[in-house]
Every structure is written in structure tokens, then in C-alpha cells.
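Peer 1:
Residue numbers (the working numbering): 103 to 543.
1. Since residue 128 contacts residue 194 with CB under 8 Å, what's their CB separation in whole angstroms?
2. Under 6 Å Cβ to Cβ from residue 304, same chain only, skipping five residues before and after it: list those, please.
3. When the Cα of residue 377 is compared with those of 462, 370, 114, which residue comes out closest?
4. Who does residue 469 pair with in a DSSP beta bridge?
5. Per the contact definition of three or more C-beta pairs closer than 8 Å, is the stretch 482-491 in contact with the stretch 462-474?
6. Is the stretch 491-502 touching the stretch 429-442 in the sense that three or more CB pairs, one from each, lie closer than 8 Å?
7. Would residue 547 pass as a contact of residue 271 if the rule is Cβ separation under 7 Å?
8. Count the other C-beta atoms from every protein chain shown that fall within 10 angstroms of the C-beta of residue 136, then say buried if there are 16 or more, exposed otherwise.
9. So, are the CB atoms of residue 363 and residue 379 less than 7 Å apart?
10. Counting Cβ pairs closer than 8 Å, one from the stretch 225-241 and one from the stretch 278-295, do we hit at least three?
11. Return the CA-CA distance between residue 200 and residue 149, expressed in angstroms with no decimal places.
12. Would you mind sorting residue 123 into buried or exposed? The rule is 16 or more other CB atoms within 10 Å of its CB.
13. Can you list, in chain order, the stretches of the alpha helix (DSSP H) that have 4 or more residues and sit fully within the stretch 386-414?
14. Rounded to a whole number of angstroms, what is the C-alpha to C-alpha distance between residue 445 and residue 471?
15. Just tell me which of 409, 477, 205 has its CA closest to the CA of residue 453.
16. Report back the beta-carbon spacing between residue 318 and residue 301 to the nearest angstrom; my notes put them in contact at under 8 Å.
17. Closest by CA to residue 518, which one among 338, 132, 191, 507?
18. Just the Cα atoms here: how many angstroms apart are residue 211 and residue 255?
19. What would DSSP say about residue 340, mapped onto helix, strand or coil?
20. Based on Cα-Cα distance, which residue from 120, 395, 370 lies nearest to residue 491?
21. In the DSSP output, which residue or residues are listed as bridge partners for residue 285?
22. As a quick exercise: from 354, 342, 308, pick the residue whose alpha carbon is nearest that of residue 329.
23. I need the boundaries of the alpha helix (DSSP H) containing residue 92, first residue and last residue.
24. Going by DSSP in three states, residue 437 sits in which element: helix, strand or coil?
25. With a threshold of 7 Å on Cβ separation, who are the neighbours of residue 460 within its own chain once the five nearest residues in sequence on each side are excluded?
26. Exposed or buried, which one is residue 103 when buried takes at least 16 other CB atoms within 10 Å?
27. Nearest-angstrom Cα distance between residue 478 and residue 402?
28. Is the separation between the beta-carbon of residue 352 and that of residue 365 shorter than 7 Å?
29. Figure out for me which residue from 206, 411, 400 has the closest Cα to the Cα of residue 349.
30. Hey, residue 451 and residue 411 are a contact pair by Cβ (cut 8 Å); roughly how many whole angstroms apart?
31. Following the continuous alpha helix (DSSP H) through residue 171, name the residue where it begins and the one where it ends.
32. By the DSSP assignment, the alpha helix (DSSP H) with residue 360 in it spans what residues?
33. Please say whether residue 152 and residue 220 have beta carbons closer to each other than 7 Å?
34. For residue 131, does the three-state DSSP call read helix, strand or coil?
35. Of all the options 257, 310, 277, which has the alpha carbon lying nearest to the alpha carbon of residue 297?
Have a look at this one:
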């Protein structure tokens, strides 16, 4: 690769709804200074269709035909282009995977290949369209150029060290369009990432190629200080530090996943979140190094209906040996441990009340039965500050709502609430911290 400024652009399914989106994407790439590297998700709705087909492969007869028509509507001429043979190969691969799943429904390798076909088709569509606009573009399968993941079948993150050692940088000439969401697992087979996987692919690639910045193109105007599902109107946060962004993403924001930010934080690459059709010169949200200035709450994360499990442990050897397996079992059952505190003889963790019954069963496999206390919410006040500043704020809020301090970090103050009317608390907090109607600098 020539050493020039590189911008990694990620386009998700919400920005790939119809052919007009491709026109807008081509404009974005043409306006990019230096080299543009694209990472794409599947076209809108494609992954859901493939997932349904993986569960009922015998009844997916029209799927291949429908997907072919859908993608050709986006990018007419693809089938007759120099990429036509690759397009046909992906469609035939879908047919093969469906046959394999019909015979052996538990074949996870076939299922992953089927699901990954959405990104492969999308990369072909986007690359072909860019080529018709005079852009030197070509599609790339992430695993074909050596992107390695930390896991088999289903992986939490990209293995940055292994990927750096194996990535074929010579393939990243011109304007490559790389498949998001998957890569090569540790067993050599295709592995999929979880929620936010394509965003994580983009930031991992940015780390590997030492990009100037990453832009996540969305259909929303940046990261909001509180999840819009609470019905509280807010405006986008202008700037978040890496630590602040990871804390907010861990708990409540639908726009970001913690794994998205992590590859950038260690090397200082900025992340911008842009609305595809918002004609603004600057990004709606920029994520970069954490700044410690005046203490200010920038966002409020809230997880409703949680359970606090406390476990007394007599043997330190038992604690050390079984804690790791406990977390593995949680992961296998798709149970998220939202908070974990371990000290000699004691283990405390927070899970969703929805997962309480299954969590108790898993815990009792490894330790004695836990004591359980339920709370209406776990709330995190996100903003860089000192311990004393956070404690002063907690005392003020505790006098108002009778909260329980859970934990502190340089980026957040976490607490538990018994109050039933959580929305009223969040409304008052938004007003207290001026989150409702101002754009935070």
C-alpha cells in the first residue's frame, strides 16, 4: 500500500436500503481525501432473511431467486460485469448451505457460511456500483485477506495481533470494499462477530492499516446522551472520550458497541459517527482521547430490571477455578454479566432479571446458591471526573432518590435504584445535567 491518508468508511444495512443510497455512498467516497477503505454490512433485511432460512432451510426455495433480484435492483449490470462470476458463486454457495442445513440442522459451519453471504453480496453490489462511477473499486472477503477472530464459530472480537501478522495488505489497493461481521476463526473456519460486528471490523482494520480516522455512517444523528426508547428528546453528544464512549455503549446506547471503540483507543485514531443524509460539514459525534477538564455528565446509561447476585465462597481455590467457567457458561447461554466484583471469599454480579432463573442454575453448578436482590434499574452517569467529584454528585442524587452506589471509574459513576418510576428519574437527571436541548461540546 502507498503511504497516504486512509479513511475507513463503514456503511451498515440502514444505509443500504435502496439504490439511492449507493448514489450517496459514491458521493461520499469521491469526496474523501486520500484513500478510502469501505466496510459494509448486508443490504437492509438480508441477514434476517438468511437467519430465518437457516432455521427452516427446507422452506427457503425462493430465497436465492429473491436475493438475486433484490441485489440486481440495487446494482443493474452486476451479473454481466467482471464480478458476475463471483455473484453467481455466492448465490450457489447459499443453495449449498441450505442443502447442508436441511440434512444437518446443527451444522454451524454451514450456517455461518449462509449468514455471511449477505455481506458478500453487499460488497459485490457496492463495489460494482462504485466502478460504474469511475472509482477503482473491488470487493474483498475479510477472511480471504487474513482477518482473524478471537474464537470459533462465534467470536467476540478481531484478533488484532494475528490479523496484523496475516493480513494481505497488497489486496487493499484502490478502493476496497471489505465484508464486515466475519473473519477466520481460530479453527480455520468462518466465524461471526456479535452485535455491532461490522463496526468492530471497520475499527480493527483501521488499527491494522494505521488509518487517519474511521467514519461510521448511520441513519441517526450521532450518539445520544440517553437511549431514545425512554421517550426523552435529546441532541447528539458532540465529543466523547474513548472511555466515556465504551461505558455508554456497554450499558445503553444502540449506536455503539464497546468492541467498536477498543481497537482505536490504544492508537488514538478518532471515530466519527455521521448521518448519511445529514448535510453537515462536521460529524454529529466524534470519539477520541479522554479529556479531563470540568466534570460534566455527558450521558446517562440505564439498564432496567436488574438482579444483584451475592455469593459467599469459602475456598479461594474454588473461586479462582470456577469463576472463569461461570462466565463461559453465561456466554454460552447469551447471558450478559453487566457488573462483576470479585474479592477473596466474595463474588457479586449483576444480570438482567429476565435471565435470573437461568443464571441461578448456572451459579449453583459452580458455587453455593446466591442471595438475590432486585432493583428497578442500574444507572451509569457517564463523564470523566475525579473520585471526589463523583462522590459529591452521588450524595446529591442519593438525597433525592435513595440510590445505592455500585462502582466508580474515571469515566462513570454507577448506581442502583429501587424507585419504580425510572423514567421520571431519567427525565429529572436529563434536566439536572442539561442533556435535553443542548449540543455538548
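Heads up, the beta-carbon is just placed ideally off N, CA and C, and yes, glycines get one too.
Peer 2: Per the coordinate set shown:
1. Position 26 of the chain shown, counted from the first residue, corresponds to residue 128. Position 92 of the chain shown, counted from the first residue, corresponds to residue 194. At roughly 29 Å, the Cβ-Cβ gap does not stay under 8 Å, so residue 128 and residue 194 are not in contact.
2. Locating residue 304 in the chain shown gives position 202, counting from the first residue. Answer for residue 304: 110, 112, 141, 316, listed in chain order.
3. Within the chain shown, residue 377 is the residue found at index 275, counting from 1. Among 462, 370, 114, the Cα nearest to that of residue 377 belongs to 114.
4. As a working note, residue 469 is residue 367 in the chain shown. Bridge partners of residue 469 according to DSSP: none are assigned.
5. Too few Cβ pairs lie closer than 8 Å, so no.
6. These segments do not touch.
7. With the chain represented from 103 up to 543, any question about residue 547 goes unanswered, as that position is not in the structure.
8. Residue numbering aside, residue 136 sits at position 34 when the chain shown is read from its first letter. Exposed, since its Cβ has fewer than 16 Cβ neighbours within 10 Å.
9. Translated into the one-based positions of the chain shown, residue 363 becomes position 261. Translated into the one-based positions of the chain shown, residue 379 becomes position 277. Taking 7 Å as the Cβ cut-off, residue 363 and residue 379 do not qualify as a contacting pair.
10. These segments touch.
11. What you label residue 200 is simply residue 98 of the chain shown in a count that begins at 1. What you label residue 149 is simply residue 47 of the chain shown in a count that begins at 1. The straight-line gap from Cα to Cα measures roughly 14 Å.
12. Residue 123 sits at position 21 when you count from the first residue of the chain shown. The residue is buried, with at least 16 neighbouring Cβ atoms inside 10 Å.
13. DSSP runs (the alpha helix (DSSP H)) wholly in the stretch 386-414: none.
14. Along the chain shown, one-based indexing puts residue 445 at 343. Along the chain shown, one-based indexing puts residue 471 at 369. CA-CA distance, residue 445 to residue 471, rounds to 18 Å.
15. Residue numbering aside, residue 453 sits at position 351 when the chain shown is read from its first letter. Looking at the Cα atoms, 409 is the closest of the given residues.
16. On the chain shown, residue 318 is found 216 positions in, with the first residue counted as 1. On the chain shown, residue 301 is found 199 positions in, with the first residue counted as 1. That belief holds up - the Cβ atoms of residue 318 and residue 301 are roughly 6 Å apart, short of 8 Å.
17. Residue mapping note: residue 518 aligns to position 416 of the chain shown, counting from 1. From the listed residues 338, 132, 191, 507, the smallest Cα separation to residue 518 is found for 507.
18. Within the chain shown, numbered from 1, the residue matching residue 211 stands at position 109. Within the chain shown, numbered from 1, the residue matching residue 255 stands at position 153. Note on geometry: alpha-carbon atoms of residue 211 and residue 255 lie some 7 Å from one another.
19. As a first step, residue 340 must be located in the chain shown, where it is residue number 238. DSSP places residue 340 in coil when its eight states are reduced to three.
20. The residue you call residue 491 lines up with position 389 of the chain shown. Measuring from the Cα of residue 491, the nearest candidate turns out to be 395.
21. The residue you call residue 285 lines up with position 183 of the chain shown. Residue pairing by DSSP puts residue 285 in a beta bridge opposite 293.
22. As a working note, residue 329 is residue 227 in the chain shown. When each option's Cα is compared against that of residue 329, the closest is 354.
23. Outside the modelled stretch of the chain, which goes from 103 to 543, sits residue 92, for which no answer is possible.
24. In the chain shown, the residue the question calls residue 437 occupies position 335. Three-state DSSP puts residue 437 in coil, outside helix and strand.
25. The residue labelled residue 460 in the question sits at position 358 within the chain shown. 435, 437, listed in sequence order.
26. Taking the chain shown and counting its residues from 1, the one referred to as residue 103 is at position 1. Low local confidence applies: a pLDDT of 44 at residue 103 is under 50, so the model's placement there is unreliable, and no value is given.
27. By one-based count along the chain shown, residue 478 stands at place 376. By one-based count along the chain shown, residue 402 stands at place 300. Residue 478 and residue 402 have their C-alpha atoms spaced approximately 15 Å apart.
28. Numbered from 1 along the chain shown, position 250 holds the residue referred to as residue 352. Numbered from 1 along the chain shown, position 263 holds the residue referred to as residue 365. Taking 7 Å as the Cβ cut-off, residue 352 and residue 365 do not qualify as a contacting pair.
29. What you label residue 349 is simply residue 247 of the chain shown in a count that begins at 1. That would be 400, whose Cα lies nearest to the Cα of residue 349.
30. In the chain shown, residue 451 corresponds to position 349, counting from 1. In the chain shown, residue 411 corresponds to position 309, counting from 1. Contact between residue 451 and residue 411 holds: CB atoms are separated by about 5 Å, below the 8 Å threshold.
31. The residue given as residue 171 occupies position 69 in the chain shown. Its alpha helix (DSSP H) spans residues 165-176.
32. Here residue 360 corresponds to residue number 258 of the chain shown, with the count starting at 1. Per DSSP, the continuous alpha helix (DSSP H) segment holding residue 360 begins and ends at 360-367.
33. Translated into positions along the chain shown, residue 220 becomes position 118. Translated into positions along the chain shown, residue 152 becomes position 50. The answer is yes: Cβ separation under 7 Å.
34. Within the chain shown, numbered from 1, the residue matching residue 131 stands at position 29. Looking at residue 131 - three-state DSSP - the assignment turns out to be helix.
35. Within the chain shown, numbered from 1, the residue matching residue 297 stands at position 195. Of the listed residues, the one whose Cα sits closest to residue 297 is 257.
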